[in-house]
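Colleague:
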Amino acid sequence: MNKNNFDVLIIGSGLAGLATALKLADDKSIGVVCKTQLAESSSHWAQGGVAAAISPEDPISSHINDTKNAGAGLCDEAITEFVAINSEKALDWLMNLGVNFTKNKQSDDLHLTREGGHSQMRIAHVADTTGKAIQEHLIKRILSHPNITVLEHHIAVDIITSDKMKIDMGGNTCLGAYVLNNNNHVETFTSNNIVLATGGASKVYLYTTNPDVSTGDGIAMGWRAGCKVANMEFVQFHPTCLFDEKDRSFLISETLRGEGAKLVLPSGETFMEKYDDRGDLAPRDIVARAIDYEMKQKGLECVYLDISDKPAGFIQKRFPMIYERCLDRGINITKEPIPVVPAAHYTCGGIMTDRAGKTNIKQLYAVGEVSYTGLHGANRLASNSLLECLVFSSTASSSILNNDFTHDHQLPKWDESRVTDADEEVLITHTWNELRRFMWNYVGIVRTNKRLSRALHRINMLRDEVGEFYKNFKISSNLIELRNLLQVAELIVLSSIERKESRGLHYSKDFPKPAKIAKNTILEPQNYKNQ
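Counting from 173, one number per residue, gives the positions in the sequence shown under our numbering.
1) Which residues mark the beginning and the end of the beta strand (DSSP E) in which phenylalanine 409 is found?
2) With DSSP collapsed to three states, give me the class of alanine 516.
3) Please report the straight-line C-alpha distance between glutamine 703 and methionine 393, rounded to a whole angstrom.
4) Secondary structure at methionine 712, three-state DSSP: helix, strand or coil?
5) Go ahead and pull the three-state DSSP assignment for lysine 470.
6) How many angstroms separate the CA atom of cysteine 498 from the CA atom of lysine 207?
7) Per the DSSP calculation, alanine 538 is bridged to which residue(s)?
8) Within 10 angstroms of the Cβ of isoleucine 339, are there 16 or more other Cβ atoms? Answer buried if so, exposed if not.
9) Is the separation between the beta-carbon of serine 667 and that of glycine 521 shorter than 8 Å?
10) Here's a check: name, in chain order, each residue in its chain whose Cβ is nearer than 6 Å to the Cβ of leucine 246, leaving out the five neighbours to either side.
11) Does the distance from the CB of leucine 559 to the CB of valine 255 come in under 8 Å?
12) Note down the Cα distance separating glutamine 535 from glutamate 431, rounded to an integer number of angstroms.
13) Do valine 436 and tyrosine 476 have their C-beta atoms closer together than 8 Å?
14) Quick one: what does DSSP say alanine 661 is sitting in, helix, strand or coil?
15) Across the stretch 182 to 202 and the stretch 303 to 322, are there enough close Cβ pairs to call them in contact, namely three or more that are closer than 8 Å?
16) Here's the rule: buried if 16 or more other CB atoms are within 10 angstroms of the residue's CB, otherwise exposed. What is glycine 189?
17) At which residues does the alpha helix (DSSP H) containing alanine 188 begin and terminate?
18) Should glutamine 408 go down as buried or exposed, given a rule of 16 or more other Cβ atoms within 10 Å for buried?
19) Would you kindly work out how many angstroms separate the C-alpha atoms of methionine 173 and valine 591, rounded to a whole number?
20) Pick out whichever of Ala193, Asn272 and Glu229 has its Cα sitting closest to the Cα of glycine 221.
21) Taking the runs of the beta strand (DSSP E) that are 3 residues or longer, which of them lie wholly in the stretch 414 to 453?
22) What are the complete alpha helix (DSSP H) segments, minimum 4 residues, inside the stretch 486 to 511?
23) In whole angstroms, what separates the C-alpha of leucine 493 from that of alanine 299?
24) Go ahead and pull the three-state DSSP assignment for alanine 402.
25) Could you check which residue in Tyr447, Gln209 and Ser570 has the C-alpha nearest to that of lysine 195?
26) Roughly how many angstroms separate the alpha carbons of asparagine 176 and alanine 349, rounded to a whole number?
27) For aspartate 335, collect the residues of the same chain with a Cβ closer than 7 Å to its Cβ; drop the 5 residues on either side in sequence, then sort them by chain order.
28) Report yes if the C-beta distance between aspartate 358 and valine 367 is below 8 Å; otherwise report no.
29) Which complete beta strand (DSSP E) runs does the stretch 325 to 366 hold, if anything under 3 residues is left out?
30) Below 8 Å CB to CB, which residues in the same chain sit around serine 227 once its five sequence neighbours on both sides are set aside?
31) So for leucine 634, helix, strand or coil by DSSP?
32) Whose CA, out of Leu695, Glu212, Gln659 and Pro438, lies closest to the CA of aspartate 636?
33) Using the beta-carbon count (16 or more within 10 Å), is aspartate 419 buried or exposed?
34) Consult DSSP for methionine 173 and reduce its assignment to one of helix, strand or coil.
Now the structure itself:
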C-alpha cells in the first residue's frame with residue numbers, strides 16, 4: 173500500500189481524533205495527522221472531567237435539562253437526549269481502557285463533582301488532570317496499534333474534493349488532503365474517509381486558555397471545501413484563567429467553584445449573587461460577563477477566586493496540579509485567593525454534522541470541538557465537551573465501518589513551481605498579533621455593530637494581504653495557521669452580525685434582549701465571496 177493512502181485519515185490528535193482512531197483501527201488502516209506531538213491538544217489540558225448522569229439521585233432528564241438551560245434555547249433536543257443517554261457508555265469505554273477515575277474512599281464508587289450550570293454532582297474526574305490522564309491512556313493504545321500510522325509535526329493544508337477536481341461523483345465527495353510534512357514539503361494523501369478532529373479556534377483571541385494548536389484549521393478547511401457552518405458567534409470565554417504575566421493560558425478549573433470557591437473583588441467582597449440566583453455556579457456565559465462588567469466598572473485588572481477557607485490538605489489532594497502551578501507563580505491557594513480573568517476557551521459552533529458526524533460533503537466527517545452537532549446551543553455546559561468527543565467518535569466510526577466506499581482516483585501533487593521562499597516571515601507574526609488583538613477588543617465578551625463592522629473591514633484587508641502571500645511564497649505552518657485564523661475570524665464576525673439579539677455567549681449592546689424565537693445561524697460557502 174502507498175504510504176500516503178489510508179482507509180481513514182484523521183486530522184487532529186485530541187480526544188475526538190484518538191478515540192475515533194481506536195474505534196476503527198481493528199478494521200481499517202488509519203493515518204493520524206498531528207500538528208506537533210500527540211500530547212499537545214486542548215483535550216490534554218482539560219481539568220474538569222466527563223459529565224454523566226450515573227448517580228441514582230441524578231436522572232438523565234436532569235442532565236438534559238441542565239444542558240438545555242445552559243444552551244439558552246438553541247440545543248437540539250434529540251441530540252442532547254442522545255448524548256446524555258450515552259454518557260454512561262462513554263465512561264465505561266474509558267474505564268475499560270484503564271483510565272483510573274477518582275473514587276470515593278468509603279464506597280469505591282466514582283467520585284462525582286459539580287461545575288457551573290449543573291444541578292447535580294455528575295462530573296467524573298481524575299483529580300484535576302482528567303484530560304491528561306485520558307490522553308495518556310489513548311496515546312499508549314494508539315502507538316502500539318499496528319493499523320495506526322501517526323504523522324507528528326504534520327499540518328493539513330486543504331481537503332481535496334471531487335468538485336475541486338471537476339469529477340462528477342453525484343455530489344461533492346472528499347478524496348484526500350494536502351499535508352505539510354515535517355520537512356516542509358507538501359504531500360498528497362489519498363483516503364476513502366477523512367475525519368476532521370482539529371478542535372476549536374480560540375487562538376483567534378489575544379487571551380485564551382487553549383494551546384497554540386487551536387487555530388481553527390478544520391473549520392477553515394471544511395468551509396473552503398464547501399461545508400456548512402453554524403453558530404460561530406458563540407465563543408465561550410472561560411471565567412477563570414490565571415492572571416499572570418508569564419502564565420497567561422493556565423485554566424483555573426470550574427470544579428474549584430463546584431467545591432465551594434468564591435469569586436471576590438480585591439476587597440474580598442463577593443459579587444456573583446448580584447447577577448444570578450446560582451451565584452458562583454451560574455453558567456459560564458453569565459459568570460464571564462459578570463466578571464467583565466465588574467472589571468470595567470471598577471477599573472480592575474482581574475478579580476479573585478478564593479478557596480482558602482477549605483482545609484489545606486483537601487485543596488492539595490483535590491487540586492494537585494492547580495496547587496503546584498499557582499505555587500510556582502508565588503500563589504499559595506490554601507492561604508490566598510487566585511487572580512483570574514476571563515479568556516477565550518471553547519468554540520460552540522463549527523462544521524455542521526448529523527448524528528453520525530457526517531458533513532454535507534460525502535466521506536467527510538467532523539468530530540469534537542470542530543463540529544456543530546446541536547448539543548451546546550448558545551453556550552456549552554461544563555464537562556460536556558469530552559463527553560461529546562466520546563459519543564460522536566462512536567457514531568462516526570460506526571458510520572465509516574458500515575460504509576464500503578472506496579476510490580482509486582489519482583490525486584494531483586502540490587504545485588510549487590510558481591512560488592519562492594518567503595523572506596518576510598515577520599509579516600506573518602505581525603498580522604497574527606494584530607488579528608488576535610482586534611478580535612479581543614471588537615468581538616469579545618460584549619459586542620456592538622460598530623465594533624463588528626470594524627473587525628470585518630480589517631479582516632478583509634488582512635485576508636487579501638495573506639492571500640497574496642499564500643499565492644506567491646512557499647507555505648509554512650505559521651502561514652497555514654494564519655490563513656485559517658483569518659477565515660475563522662471572518663466566520664465568527666459574519667455570524668455575530670447575523671444575530672440580531674443577545675443570547676447565551678453572544679451579547680450585543682445594540683440588541684440586548686433575546687428574540688422570541690431561537691434560531692441557529694447557518695452559513696453556506698456558496699453565499700459568500702472570496703472563498
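In this text, a Cβ means the ideal position worked out from N, Cα and C, and glycines have one as well.
Modeller: Reading from the atomic positions:
1) Run containing phenylalanine 409: 407 to 414, per the beta strand (DSSP E) assignment.
2) It is a strand residue.
3) With a pLDDT of only 45 at glutamine 703, under the threshold of 50, the placement of this residue in the model should not be trusted; the figure read from the coordinates follows. The straight-line gap from Cα to Cα measures roughly 11 Å.
4) Nothing about residue 712 can be reported from this structure: the residues present for the chain run from 173 to 703 only.
5) DSSP places lysine 470 in helix when its eight states are reduced to three.
6) Roughly 29 Å between the two C-alpha positions.
7) The partner list for alanine 538 (beta bridge, DSSP) reads Leu368.
8) Counting Cβ neighbours within 10 Å, isoleucine 339 comes out exposed, since fewer than 16 surround it.
9) The Cβ atoms of serine 667 and glycine 521 lie closer than 8 Å to each other.
10) Taken in chain order, the residues that qualify are Gly549, Ala550 and Ala690.
11) Yes, Cβ-Cβ distance for leucine 559 and valine 255 is below 8 Å.
12) The straight-line gap from Cα to Cα measures roughly 44 Å.
13) Contact check for valine 436 against tyrosine 476 passes: the beta carbons are separated by less than 8 Å.
14) In the structure shown, alanine 661 falls within a helical segment according to DSSP collapsed to helix, strand and coil.
15) In short, these stretches touch, since the Cβ pair count reaches three.
16) With 16 or more Cβ atoms within 10 Å of its Cβ, glycine 189 is classed as buried.
17) Taken as a continuous stretch (DSSP letters only), the alpha helix (DSSP H) holding alanine 188 covers 187 to 196.
18) It counts as buried.
19) With a pLDDT of 46 at methionine 173, under the threshold of 50, the modelled position of this residue cannot be trusted; read the value that follows with caution. Going from the Cα of methionine 173 to the Cα of valine 591 covers about 31 Å.
20) Nearest in C-alpha terms to glycine 221, of all of Ala193, Asn272 and Glu229, is Asn272.
21) Fully enclosed beta strand (DSSP E) runs of 3 or longer: 434 to 436.
22) Given a length threshold of 4 residues, each whole run of the alpha helix (DSSP H) inside the stretch 486 to 511 is given here in chain order: 492 to 500.
23) Contrary to the premise, residue 493 reads as methionine rather than leucine in this sequence. Their Cα atoms are separated by approximately 9 Å.
24) Here alanine 402 sits in strand by DSSP.
25) It is Ser570 whose Cα lies nearest to the Cα of lysine 195.
26) Here the alpha carbon of asparagine 176 sits roughly 10 Å from the alpha carbon of alanine 349.
27) Cβ contact annotation for aspartate 335 (same chain, cutoff 7 Å, sequence separation greater than five): Asn344 and Gly398, in chain order.
28) Per the sequence shown, the amino acid found at residue 358 is valine instead of aspartate. With respect to valine 367, valine 358 sits apart: the two C-beta atoms are not nearer than 8 Å.
29) Complete beta strand (DSSP E) runs here, min 3: 327 to 333 and 346 to 352.
30) If the five residues before and after serine 227 are omitted, its C-beta is found closer than 8 Å to the C-beta atoms of Leu284, Gln292, Met293 and Arg294, all from its own chain and listed in chain order.
31) Helix.
32) Nearest of Leu695, Glu212, Gln659 and Pro438 to aspartate 636, Cα basis: Gln659.
33) Exposed.
34) Caution is warranted here: a pLDDT of 46 is assigned to methionine 173, below 50, making its placement in the model unreliable, and the coordinate value is therefore given only provisionally. In the structure shown, methionine 173 sits in coil (DSSP, three-state: anything other than H, G, I, E or B).
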